[in-house]
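K.L.:
What follows is a structure written as structure tokens; I'll ask about it next.
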Amino acid sequence: MSESPHLVCASANPDKVAEIEAILAGVVELLPRPPDVAEVVEDADTLEGNARLKAVAICEATGMAAVADDTGLEVAALGGAPGVHSARYAGDGCSYADNRAKLLRALDGAGDRSAAFRTCVLVRRPDGSEVVVNGVCAGRITESERGDGGFGYDALFVPDDGDGRTFAEMTDDEKHMVSHRGRAFRNLLAELSA
Ligand code: IMP
């Protein structure tokens, strides 16, 4: 690898941090986000824009290369919504369960339940240079929740590259093999070692 294998994690979401740590384990050392840095307002209108806001804030605060991930769930029958608004789909302060309930209501009776998770990963270095990669996982939204694992919309999402189980019914490793985040971070590792 042509650069430091240390990256400061810019994500404040513990569910995502756990996944990123597992995917990068043994290849890149992920340093924890400094707790004294205020959470960034993610008000960009693209995943890449939000990833950049988070990575720049942590890079500037630490003077070290920082990595951020921003993810959206794009549902075809909803014109790509909730997309970049996936975290607050059911409103400010909403829970994962609120978001899943709103999604099921929005798709009530829908014939087309196809969807895709998209993750943008951005590394920002102190010299201002960046590495930007993406990962996509196509699938469909179930008609009811299935499984206890994972987080967010996992209990409603069946990846096309799977065996019919939702992400929440898979082990962590099974999810990472096909998920948007697994693909995006493996693309990052390929870029960093090129
Ligand atoms: P963020 O803006 O990247 O933190 O992600 C936006 C929202 O998408 C999160 O609050 C979760 O609800 C959802 N999300 C992100 N990644 C996943 C995932 O891997 N599975 C299920 N939901 C996810």
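Heads up: the sequence shown runs through residues 1333 to 1526, numbered per this note's numbering. Just so it is clear, CB atoms sit at the ideal spot from N, CA and C, and this is done for glycine as well. Owing to the predicted nature of the structure, the values given are computational and were not obtained by experimental measurement.
1) Going by DSSP in three states, E1506 sits in which element: helix, strand or coil?
2) Report the CB separation of H1338 from E1361 in whole angstroms; it is logged as a contact under 8 Å.
3) At a Cβ threshold of 8 Å, is F1489 touching chain D?
4) Within 10 angstroms of its Cβ, does H1512 collect 16 or more other Cβ (buried), or is it exposed?
5) Could you give the DSSP three-state label for D1444: helix, strand or coil?
6) In whole angstroms, give me the CA-to-CA distance for S1334 and A1393.
7) For S1427, count neighbouring Cβ atoms within 10 angstroms of its own Cβ and tell me buried if that reaches 16, exposed if not.
8) Between which two residues does the beta strand (DSSP E) carrying H1338 extend?
P.N.:
Well, looking at it:
1) By 1-based counting over the sequence shown, the position of residue 1506 is 174. Helix.
2) As a working note, residue 1338 is residue 6 in the sequence shown. As a working note, residue 1361 is residue 29 in the sequence shown. That belief holds up - the Cβ atoms of H1338 and E1361 are roughly 5 Å apart, short of 8 Å.
3) Given the protein chain composition of this structure (a single chain), no chain D is represented.
4) The sequence position of residue 1512 within the sequence shown is 180, counting from 1. Classification for H1512: buried.
5) Translated into the one-based positions of the sequence shown, residue 1444 becomes position 112. Of the three classes helix, strand and coil, the one that applies to D1444 here is coil, per DSSP.
6) Along the sequence shown, one-based indexing puts residue 1334 at 2. Along the sequence shown, one-based indexing puts residue 1393 at 61. Low confidence applies here, because S1334 scores a pLDDT of 47, under 50, leaving its location unreliable and the question unanswered by this model.
7) Reading the sequence shown from its first residue, position 95 is the one you call residue 1427. By the neighbour-count rule (16 or more Cβ atoms within 10 Å), S1427 is not buried but exposed.
8) In the sequence shown, the residue the question calls residue 1338 occupies position 6. Where H1338 is concerned, the enclosing beta strand (DSSP E) stretches over H1338 to C1341.
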